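Notes for the one structure printed next.
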Amino acid sequence: MNHKILQFFKNLSYTLLSNLISLVISTTVILVIPKLIGVTEYGYWQLYLFYSSYVGFLHFGWNDGVYLRYGGEKYGNLNKKLFFSQFWMLVVFQFLLALTIFLISNILSNSDKIFIIQMVSFCMFIVNIRCFLVYILQCTNRVKEYAIITMMERILYILLILILIAGGINNYKIMIIADIIGKLISLFYSIYCCKDIVLNKIKNFSLDIREALTNINVGIKLMFSNIANMLIIGIVRLGIEHDWGVKTFGKISLTLSISNMLMVFVSAVGIIMFPVLRRTENSRLTYIYKTVRPPFSAVLFFLLILYYPMDIALNFWLPIYSDSLKYMIILFPMCVYEGKMSLLINTYLKTLRKEKLILIINLFTVLLSVVLTTLFIFLFRSLTLIVIAIVILLAFRSVLAEIFLSKTLEINLVRTLLQEIFLTFIYIYTGWFLSPLVSFAIYLVSYTVYLIVNKKEIFTSIKDFKIILSQK
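Heads up: the sequence shown begins at 977 in the working numbering, then just goes up one per residue.
This is the structure we're talking about:
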């Protein structure tokens, strides 16, 4: 087999394995923790996960700049002295920031929220300095080490959770500490993987403010676009927590977590595609996009079928959450639009260095999120409309971004995008208003028609994919 093809599938197997393990562990946590702790405690657990999901933005684009500037480089060619200095400058900066957040949290009146914020400050310090090293591994295509770090964190985490459960301890605070311990140990391993950067000689340290500012200047647009990306749903979730309370917030968060589980496989491919595309000539990017997109979209729409058996199993396992699990049929198409955004659209826009365009699209979608959240919460006070808004926002952002990308690549996707929107509408409408069996039958027929209409593009793409991988 061609060496390039072999390396691609080796990297893919590493990331798929690590993300499969993450999926199994996440599924276990999603299904077990709600069963063990009360609805209110589960709400606080989800609040910790919600807040900690934003800590990556408190390096202010420093790590993103490294990822964008050095993506596609070989690890052996990196300036180790430069990265040694940047790493330790970031460590000091993150320590001071974490300490500030920890101390400020004491002004809160709610003891549970004080604990959560303080744990988030620990999480921020660990995650952001580990992210620096993980991004170096990703952008230099050291996928195996990245995969081990991911697996290590999740395996340690679930082992600690199982030990706690076996010991009869099911307090959400202890579970948060278990999460932080898993992250900390994986940080130590990432340091081992990049020891020639982290453990360099002190005389090689240079307070290179200019390099740091360059990384921040390059990465901050991507960072702000990532913040905006998370705020799209984050604003809606905050609105739910504010208006319906922690219990409802936890229930909807559970449904969101289940709907997002399929994204781990999409992320696996996206991680290895960025350095590959950075090493690809711009003239070939259009051909690659036209080859990858049709079968990938077909697979994403096929995965929506998994909702039907999952709905039966989850309602049996978590009957106390049945009132929120009904929203899963609305939220499940998230994986289609988030999948395309994560693997194809964002990866391509970053490769083409169009971080500004990503930022503008995300900011515009955030503005729409504020409008819809305000409208549906304060005017209509409808939880159903709020959940529908999540899918509308993600679909809108994905379609808008892909329209701009298609113009850059000079391809026409209008017909395909309309087909996909219509298929999504059929899926949600029939699933919400009709019985599961009738809904499944109608969607299966619709999906089959979609495949027949696009069979030429799909089969051609599959045939061309091997050619792309074998080309140098």
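The beta carbon of each residue, even a glycine, is placed where N, CA and C say it ideally should be.
The structure presented is a predicted model; accordingly, all values stated were derived computationally and were not measured.
Excluding the 5 residues preceding and the 5 following residue i in the sequence, name in chain order all residues of the same chain whose CB lies nearer than 7 angstroms to its CB.
i, result
"Phe-1036", "Ile-1192, Ile-1196 and Met-1199"
"Thr-1262", "Leu-1385, Glu-1386 and Ile-1387"
"Phe-1033", "Met-1199, Asn-1202 and Ile-1203"
"Trp-1038", "Leu-1066, Ala-1188, Asn-1191, Ile-1192 and Gly-1195"
"Asp-1155", "Tyr-1133"
"Met-1128", "Ile-1161, Ser-1162 and Tyr-1165"
Starting from the C-beta of residue i, find all residues in its chain whose C-beta is less than 6 angstroms away, skip the five residues before and the five after it, and write them out in chain order.
i, result
"Tyr-1043", "Tyr-1111 and Cys-1115"
"Ile-1102", "Lys-1159, Leu-1160 and Leu-1163"
"Phe-1181", "Ser-1061"
"Leu-1339", "Ala-1204"
"Glu-1049", "Thr-1116"
"Val-1429", "none"
"Lys-1448", "Reliability of the predicted coordinates at Lys-1448 is poor, the pLDDT of 45 falling under 50, and the value obtained from them is presented with this limitation in mind. Cβ within range, chain order: n/a, list empty."
With DSSP as the reference, label residue i as helix, strand or coil.
i, result
"Ile-1013", "coil"
"Glu-1049", "coil"
"Asp-1184", "coil"
"Asn-1193", "helix"
"Lys-1177", "coil"
"Pro-1285", "helix"
"Arg-1391", "helix"
"Asn-1322", "helix"
"Ile-981", "With a pLDDT of 49 at Ile-981, under the threshold of 50, the modelled position of this residue cannot be trusted; read the value that follows with caution. Ile-981: helix per DSSP, three-state reduction."
"Thr-1116", "coil"
"Lys-1302", "coil"
"Ser-1081", "helix"
"Tyr-1043", "helix"
"Asn-1202", "helix"
"Lys-1431", "helix"
"Pro-1412", "helix"
"Ser-1358", "coil"
"Ile-1353", "helix"
"Ile-1145", "coil"
"Phe-1098", "helix"
"Asn-1331", "With the sequence shown as reference, residue 1331 is identified as Glu, and Asn is not the correct amino acid for it. Looking at Glu-1331 - three-state DSSP - the assignment turns out to be helix."
"Asn-1055", "coil"
"Ser-1029", "coil"
Given a cut-off of 8 angstroms, decide if residue j and residue i are closer than it, judged by their beta-carbon atoms.
i, j, result
"Leu-1344", "Phe-1372", "yes"
"Val-1304", "Thr-1224", "In the sequence under discussion, the amino acid at residue 1304 is Met, which differs from the Val named in the question. Against a cut-off of 8 angstroms, the Cβ pair of Thr-1224 and Met-1304 comes out as no contact."
"Gly-1041", "Thr-1190", "yes"
"Ser-1028", "Cys-1099", "yes"
"Leu-1320", "Arg-1269", "yes"
"Ser-1374", "Met-1317", "yes"
"Asn-1291", "Ser-1298", "yes"
"Ala-1274", "Leu-1370", "no"
"Trp-1293", "Tyr-1148", "no"
"Leu-1325", "Ile-1336", "no"
"Val-1174", "Phe-1063", "yes"
"Ile-1141", "Leu-1012", "yes"
"Cys-1169", "Leu-1109", "yes"
"Tyr-1024", "Ile-1152", "yes"
"Ser-1233", "Arg-1213", "no"
How many Å lie between residue i and residue j at the Cα?
i, j, result
"Leu-1351", "Tyr-1283", "29 angstroms"
"Ile-1368", "Phe-1059", "42 angstroms"
"Ile-1209", "Lys-1177", "44 angstroms"
"Leu-1361", "Leu-1207", "18 angstroms"
"Ile-1125", "Ser-1166", "7 angstroms"
"Pro-1285", "Ala-1188", "50 angstroms"
"Val-1346", "Ala-1365", "10 angstroms"
"Arg-1186", "Ala-1123", "32 angstroms"
"Asp-1172", "Lys-1056", "7 angstroms"
"Asp-1184", "Ile-1216", "44 angstroms"
"Phe-1380", "Leu-1276", "22 angstroms"
"Tyr-1405", "Ile-1145", "42 angstroms"
"Ile-1009", "Tyr-1030", "22 angstroms"
"Phe-1396", "Val-1363", "A small fix is needed here, since residue 1396 is Glu in this sequence, not Phe. Approximately 20 angstroms, taken between the alpha carbons."
"Arg-1357", "Leu-1075", "39 angstroms"
"Ile-1077", "Asn-1053", "37 angstroms"
"Val-1425", "Val-1390", "18 angstroms"
"Leu-1136", "Ala-1417", "43 angstroms"
"Ser-1415", "Lys-1383", "36 angstroms"
Please report the Cβ distance between residue i and residue j, rounded to the nearest whole angstrom; I am assuming they are in contact, meaning their Cβ atoms lie under 8 angstroms.
i, j, result
"Leu-1422", "Leu-1399", "Per the sequence presented here, residue 1422 reads as Ser, with Leu not at that position. Their Cβ separation, rounded to whole angstroms, is 6 angstroms, which keeps Ser-1422 and Leu-1399 in contact under 8 angstroms."
"Ile-1090", "Ser-1097", "Not confirmed; about 11 angstroms, so no contact."
"Trp-1220", "Leu-1359", "7 angstroms"
"Leu-1132", "Ile-1157", "7 angstroms"
"Ile-1402", "Tyr-1419", "6 angstroms"
"Ile-1211", "Thr-1341", "Actually they do not touch by this definition, with Cβ atoms about 10 angstroms apart."
With a threshold of 8 angstroms on Cβ separation, who are the neighbours of residue i within its own chain once the five nearest residues in sequence on each side are excluded?
i, result
"Ile-1001", "Arg-1130, Ile-1131, Tyr-1133 and Ile-1134"
"Ser-1437", "Lys-1266, Thr-1267, Val-1268, Arg-1269, Pro-1270 and Pro-1271"
"Trp-1408", "Ile-1305 and Ile-1306"
"Ile-1296", "Pro-1010 and Val-1015"
For residue i, decide whether its Cβ has a neighbour in chain D, counting only Cβ atoms nearer than 8 angstroms.
i, result
"Ser-1273", "Among the chains in the structure shown there is no chain D, since it carries only a single protein chain."
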